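Chemist: Take a look at the following structure, please.
Number of protein chains: 2
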Amino acid sequence: MASVDSEVSRGTQLLLSTQAEVATGIDRLFDQLLPVPLDPRGPLYEAMRHAAIAGGKRLRPLLVRAAGDLFHVDRALTLRVGAAVEAMHVYSLIHDDLPCMDDDDMRRGKPTVHKAYDEATAVLAGDSLHALAFEWLCDPVTSADPFVRGELCCELARAAGPAGMAGGQMMDLAAETSNFDLPTVTRLQQLKTGALIAFSVEAGAILARIPPEGRAPLRAYSRDIGLAFQIADDIMDVEGDEALAGKALHKDEAAGKATFVTLMGIERAREQATALVDQAIGHLASYGGEAALLRAIARYVVERDR
Amino acid sequence: MASVDSEVSRGTQLLLSTQAEVATGIDRLFDQLLPVPLDPRGPLYEAMRHAAIAGGKRLRPLLVRAAGDLFHVDRALTLRVGAAVEAMHVYSLIHDDLPCMDDDDMRRGKPTVHKAYDEATAVLAGDSLHALAFEWLCDPVTSADPFVRGELCCELARAAGPAGMAGGQMMDLAAETSNFDLPTVTRLQQLKTGALIAFSVEAGAILARIPPEGRAPLRAYSRDIGLAFQIADDIMDVEGDEALAGKALHKDEAAGKATFVTLMGIERAREQATALVDQAIGHLASYGGEAALLRAIARYVVERDR
Numbered sequence: 001m002a003s004v005d006s007e008v009s010r011g012t013q014l015l016l017s018t019q020a021e022v023a024t025g026i027d028r029l030f031d032q033l034l035p036v037p038l039d040p041r042g043p044l045y046e047a048m049r050h051a052a053i054a055g056g057k058r059l060r061p062l063l064v065r066a067a068g069d070l071f072h073v074d075r076a077l078t079l080r081v082g083a084a085v086e087a088m089h090v091y092s093l094i095h096d097d098l099p100c101m102d103d104d105d106m107r108r109g110k111p112t113v114h115k116a117y118d119e120a121t122a123v124l125a126g127d128s129l130h131a132l133a134f135e136w137l138c139d140p141v142t143s144a145d146p147f148v149r150g151e152l153c154c155e156l157a158r159a160a161g162p163a164g165m166a167g168g169q170m171m172d173l174a175a176e177t178s179n180f181d182l183p184t185v186t187r188l189q190q191l192k193t194g195a196l197i198a199f200s201v202e203a204g205a206i207l208a209r210i211p212p213e214g215r216a217p218l219r220a221y222s223r224d225i226g227l228a229f230q231i232a233d234d235i236m237d238v239e240g241d242e243a244l245a246g247k248a249l250h251k252d253e254a255a256g257k258a259t260f261v262t263l264m265g266i267e268r269a270r271e272q273a274t275a276l277v278d279q280a281i282g283h284l285a286s287y288g289g290e291a292a293l294l295r296a297i298a299r300y301v302v303e304r305d306r
Numbered sequence: 001m002a003s004v005d006s007e008v009s010r011g012t013q014l015l016l017s018t019q020a021e022v023a024t025g026i027d028r029l030f031d032q033l034l035p036v037p038l039d040p041r042g043p044l045y046e047a048m049r050h051a052a053i054a055g056g057k058r059l060r061p062l063l064v065r066a067a068g069d070l071f072h073v074d075r076a077l078t079l080r081v082g083a084a085v086e087a088m089h090v091y092s093l094i095h096d097d098l099p100c101m102d103d104d105d106m107r108r109g110k111p112t113v114h115k116a117y118d119e120a121t122a123v124l125a126g127d128s129l130h131a132l133a134f135e136w137l138c139d140p141v142t143s144a145d146p147f148v149r150g151e152l153c154c155e156l157a158r159a160a161g162p163a164g165m166a167g168g169q170m171m172d173l174a175a176e177t178s179n180f181d182l183p184t185v186t187r188l189q190q191l192k193t194g195a196l197i198a199f200s201v202e203a204g205a206i207l208a209r210i211p212p213e214g215r216a217p218l219r220a221y222s223r224d225i226g227l228a229f230q231i232a233d234d235i236m237d238v239e240g241d242e243a244l245a246g247k248a249l250h251k252d253e254a255a256g257k258a259t260f261v262t263l264m265g266i267e268r269a270r271e272q273a274t275a276l277v278d279q280a281i282g283h284l285a286s287y288g289g290e291a292a293l294l295r296a297i298a299r300y301v302v303e304r305d306r
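As you go down the protein sequences, you meet chains A and B in turn. Under UniProt numbering, the first sequence is numbered contiguously, ending at residue 306. Under UniProt numbering, the second sequence is numbered contiguously, ending at residue 306.
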């Protein structure tokens, strides 16, 4: 048991140092990629910077990096793809926070974009980051291989669209007035957060030109951590500290929405999240030390404050 | 003069028949590409269909087709790329019509999406069409050549993002409170409508693998018709018939917004639009009969009711 404990401890060290490195890299990249123009579009870029820079745990860029490390992908490339995925994630947060959606005032410890600016700017800042994610991926800087760029764009579009993130958010809005059962809530979360998490992991393998059939273990890993992540999120909505989370909590409860916690009870939800993490790590059995970061991330998703 | 007149008349015939063919093809393609799923995402797909099917003049798909015809590109491919551009255009209309933006109740003779459904569904239907445009372009069905797909995606992302459509809309919102001069209004319109029009024309050439330097005359053509189109739109806002336009007019006037008409006067604006159309047609001088449709479209953009 001592060796397992020390492996976990080494994994945590690796996670913390890599997370700090990736977060710094993402902030620097966003700063370079989003210079504020001296024309009437200035506030649009400022709004994007407000939402994108210095916020969040950068889980998705961390996953691109961790999956890329498996196959020794150039870290400058995984960082760049990470910035594209994060731009897509930030756009979804901006739109989800709008008054007509979840109506949130705080995000990542700061006022949401429509509070700091206005609603129109928030809609357009989200739309702009959505387009920029594709622009950054399509750029030859991301990969010299057009097949790689094409596959990244195609998979990201699927993860973002009505069969992914946007479709999941639509189901989430319906959840307030419908009585969803466990399979429907699971499906909702697979679309809403699972699809982009899965893309992040898959992107590392795409950059390494691993064919789709070689990505099966990673896809299984992503499915499990995506679900574990969301169960942890539902638990945090009930038990979490708002100051630590940087956003309003207890919203699902207030809305009477079906979540993993309301459907399973908090104890079973916690057990289920832990089981999913073990299962996710199990899918990485064919990899050695190069998967240490992916294993550490799996443990982390049920512990973090998002 | 008789031969010029008969050439114009033949061009108009070609335009009308091709426009009808493209419009039917786009409706059929949207119908196939947007099947309503039997799950809580149903209303999201219905909202996309409400906005996308049986509406508008399909100017952008028509431009893809006309530019593709120059180089004998397979018409099934130009139609597919046309559907992607139109999806991008429709998404921008849905978001521009939102209460926090231009707050419009009618579009293409029907209630806007947030009126027919609700604001959250409108935001998500726009977001979904935005992602689908890229998904459709990236699909190997669009082109077997990954370079072509990559270039299409990259150019579309640029045309849609903060240096294109979204940036132009941001400037347009600022126009209500700023006193923009003619160069600024010109730049605003080049971003807001010009970029996607230019992409539509360029896409035909990209599908034919024409290198960037070979696309210069088409780019000059697009710039001119894009501007002529917007001047005509500003004239229509003052003089047009709301029933014919299918949307509210006289909005710029009411908002006290600088437009080509307020800055140039209606007569000079009309002359300028006509001069731009002649100039656009001049850029096609190196092409023969295969450019008849592009010439007819140039004449049409200053006459249509959008």
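We put the CB at the ideal spot given by N, CA and C, even for glycine. Keep in mind that this is a model prediction, so the values were computed, not measured.
How would you list, in chain order, the residues of chain B whose beta-carbon sits under 8 Å from the beta-carbon of A:V147?
Modeler: The residue labelled residue 147 of chain A in the question sits at position 147 within the first sequence. The identity of residue 147 of chain A in the sequence shown is Phe, whereas the question assumes Val. Near A:F147 (Cβ distances below 8 Å), the residues of chain B are P146.
Chemist: Who does B:R107 pair with in a DSSP beta bridge?
Modeler: Stepping through the second sequence from its first residue, residue 107 of chain B is reached at position 107. Looking at the DSSP assignment, B:R107 forms a beta bridge with B:K110.
Chemist: Taking the alpha carbon of B:V4 as the reference point, which residue from B:F30, B:E303, B:T18 and B:A296 has its own alpha carbon closest?
Modeler: Indexing the second sequence from 1 puts residue 4 of chain B at position 4. Looking at the Cα atoms, B:A296 is the closest of the given residues.
Chemist: Using a Cβ cut-off of 7 Å, pull out every chain A residue sitting near B:R41, in sequence order please.
Modeler: Along the second sequence, one-based indexing puts residue 41 of chain B at 41. In chain order: P162, G167, M170 and M171.
Chemist: Among A:V8, A:V64 and A:R108, which one has its Cα closest to the Cα of A:T78?
Modeler: For this step, residue 78 of chain A is matched to residue 78 along the first sequence. When each option's Cα is compared against that of A:T78, the closest is A:V64.
Chemist: Can you grab the Cα-Cα spacing for the pair A:M106 / A:D97, in whole Å?
Modeler: Counted from its first residue, the first sequence places residue 106 of chain A at position 106. Counted from its first residue, the first sequence places residue 97 of chain A at position 97. Answer to the nearest angstrom: the Cα atoms are 8 Å apart.
Chemist: Using a Cβ-Cβ distance cut-off of 8 Å, determine whether A:F134 contacts chain B.
Modeler: Stepping through the first sequence from its first residue, residue 134 of chain A is reached at position 134. Interface residue, yes.
Chemist: Using alpha carbons as the reference points, say which of A:E151, A:R60, A:L34 and A:A166 lies closest to B:T121.
Modeler: By one-based count along the second sequence, residue 121 of chain B stands at place 121. Cα-wise, what sits closest to B:T121 is A:A166.
Chemist: Smallest Cα separation from B:G204: which of B:A273, B:A163, B:A84 and B:R41?
Modeler: Taking the second sequence and counting its residues from 1, the one referred to as residue 204 of chain B is at position 204. The residue with the shortest Cα to Cα distance from B:G204 is B:A84.
Chemist: Return no unless some Cβ of chain B is closer than 8 Å to the Cβ of residue 308 of chain A.
Modeler: Because chain A is modelled from 1 through 306, residue 308 of chain A falls outside the range shown and cannot be assessed.
Chemist: Name the chain A residues that come within less than 7 Å of B:G150, Cβ to Cβ?
Modeler: One-based indexing of the second sequence puts residue 150 of chain B at position 150. Near B:G150 (Cβ distances below 7 Å), the residues of chain A are C138, P146, R149 and G150.
Chemist: Would you decide whether A:A232 is buried or exposed? Buried here means 16 or more other CB atoms lie within 10 Å of its CB.
Modeler: Here residue 232 of chain A corresponds to residue number 232 of the first sequence, with the count starting at 1. Answer is buried; the Cβ neighbour count reaches 16.
Chemist: Tell whether a beta-carbon distance below 8 Å holds between A:V277 and A:V261.
Modeler: The sequence position of residue 277 of chain A within the first sequence is 277, counting from 1. The sequence position of residue 261 of chain A within the first sequence is 261, counting from 1. No, Cβ-Cβ distance for A:V277 and A:V261 is not below 8 Å.
Chemist: Measure the CB-CB distance between A:R75 and A:I197 and report whether it falls below 8 Å.
Modeler: The residue you call residue 75 of chain A lines up with position 75 of the first sequence. The residue you call residue 197 of chain A lines up with position 197 of the first sequence. Not closer than 8 Å, so no.
Chemist: If the cut is a Cβ gap below 9 Å, which residues of chain B does A:D127 touch?
Modeler: For the purposes of this step, residue 127 of chain A is taken as the residue at position 127 of the first sequence. Those within 9 Å of A:D127 in chain B are Y91, S92, H95, G126, D127, H130, A160, G161, P162, M165, A166 and Q169.
Chemist: So is the beta-carbon of B:S9 under 7 Å away from any non-hydrogen atom of the ligand GDP?
Modeler: With respect to small molecules bound, the structure shown includes none, and the ligand GDP cannot be examined in it.
Chemist: Residues in the stretch 195–221 of chain A with C-beta within 9 Å of chain B's C-beta atoms, listed in sequence order?
Modeler: Listed by position along the chain: nothing, the set is empty.
Chemist: What in chain A is Cβ-close to B:V123, meaning under 8 Å?
Modeler: Locating residue 123 of chain B in the second sequence gives position 123, counting from the first residue. What B:V123 touches in chain A: H95, L98, C100, M101 and V123.
Chemist: Can you list, in chain order, the stretches of the alpha helix (DSSP H) that have 4 or more residues and sit fully within the stretch 59–108 of chain B?
Modeler: The stretch 59–108 of chain B contains these whole alpha helix (DSSP H) runs: 59–70 and 75–96.
Chemist: Which value, in whole angstroms, describes the spacing of the CA atoms of B:H283 and B:L218?
Modeler: Position 283 of the second sequence, counting from 1, holds the residue named residue 283 of chain B. Position 218 of the second sequence, counting from 1, holds the residue named residue 218 of chain B. The alpha-carbon atoms of B:H283 and B:L218 are separated by roughly 7 Å.
Chemist: Using 8 Å as the threshold, is the C-beta distance between A:G164 and A:L191 below it?
Modeler: In the first sequence, counting from the first residue as 1, residue 164 of chain A sits at position 164. In the first sequence, counting from the first residue as 1, residue 191 of chain A sits at position 191. Result yes, Cβ atoms of A:G164 and A:L191 sit closer than 8 Å.
Chemist: If you draw a straight line from the alpha carbon of B:S286 to that of B:V81, how long is it in whole angstroms?
Modeler: Start at 1 with the first residue of the second sequence, and residue 286 of chain B comes out as number 286. Start at 1 with the first residue of the second sequence, and residue 81 of chain B comes out as number 81. The straight-line gap from Cα to Cα measures roughly 25 Å.
Chemist: Checking contacts by CB at 8 Å: is A:A174 closer than that to chain C?
Modeler: This model lacks chain C altogether, as its protein chains are A and B.
Chemist: Would you mind working out which of B:K115, B:L294 and B:G288 sits nearest B:A280, comparing C-alpha positions?
Modeler: As a position in the second sequence, residue 280 of chain B is number 280, starting the count at 1. Per the Cα distances, B:L294.
Chemist: Classify A:Q169 as buried or exposed, calling it buried when 16 or more other Cβ atoms lie within 10 Å of its own Cβ.
Modeler: The count along the first sequence starts at 1 and reaches residue 169 of chain A at position 169. Answer is buried; the Cβ neighbour count reaches 16.
Chemist: Which residues in chain A sit within 8 Å of B:L44, going by Cβ to Cβ distance?
Modeler: The residue you call residue 44 of chain B lines up with position 44 of the second sequence. Within chain A, the residues near B:L44 are P162, A166, G167 and M170.
Chemist: CB-CB under 6 Å to A:E242, same chain, minus the five flanking residues each way: which ones, in chain order?
Modeler: Against the first sequence, residue 242 of chain A aligns to sequence position 242. These residues qualify, in order along the chain: L249.
Chemist: Kindly indicate if chain B contains any beta-carbon less than 8 Å away from that of A:A120.
Modeler: Here residue 120 of chain A is taken as the residue at index 120 of the first sequence, counted from 1. It does; some Cβ of chain B falls within 8 Å.
Chemist: For A:W136 and B:R49, I'd like the C-alpha separation in whole angstroms.
Modeler: Locating residue 136 of chain A in the first sequence gives position 136, counting from the first residue. Locating residue 49 of chain B in the second sequence gives position 49, counting from the first residue. Near 29 Å, if we compare the C-alpha coordinates of B:R49 and A:W136.
Chemist: DSSP on B:K247, reduced to helix/strand/coil?
Modeler: Taking the first residue of the second sequence as 1, we reach residue 247 of chain B at position 247. If DSSP states are grouped into helix, strand and coil, B:K247 belongs with coil.
Chemist: Taking only beta-carbon positions, decide if A:A157 is within less than 8 Å of chain B.
Modeler: Here the question's residue 157 of chain A lines up with position 157 in the first sequence. Yes, its Cβ sits closer than 8 Å to a Cβ of chain B.
Chemist: When you compare each of B:K247, B:L38 and B:D237 to B:H254 by their alpha carbons, which one comes out closest?
Modeler: To locate residue 254 of chain B, count along the second sequence from 1; it is residue 254. A small fix is needed here, since residue 254 of chain B is Ala in this sequence, not His. Among B:K247, B:L38 and B:D237, the Cα nearest to that of B:A254 is on B:D237.
Chemist: At which residues does the alpha helix (DSSP H) containing A:H130 begin and terminate?
Modeler: Counting from 1 along the first sequence, the entry for residue 130 of chain A is found at position 130. Unbroken alpha helix (DSSP H) run through A:H130: E119 to C138.
Chemist: Could you tell me the boundaries of the alpha helix (DSSP H) in which A:G282 lies?
Modeler: Counted from its first residue, the first sequence places residue 282 of chain A at position 282. Per DSSP, A:G282 belongs to the alpha helix (DSSP H) from I266 to G282.
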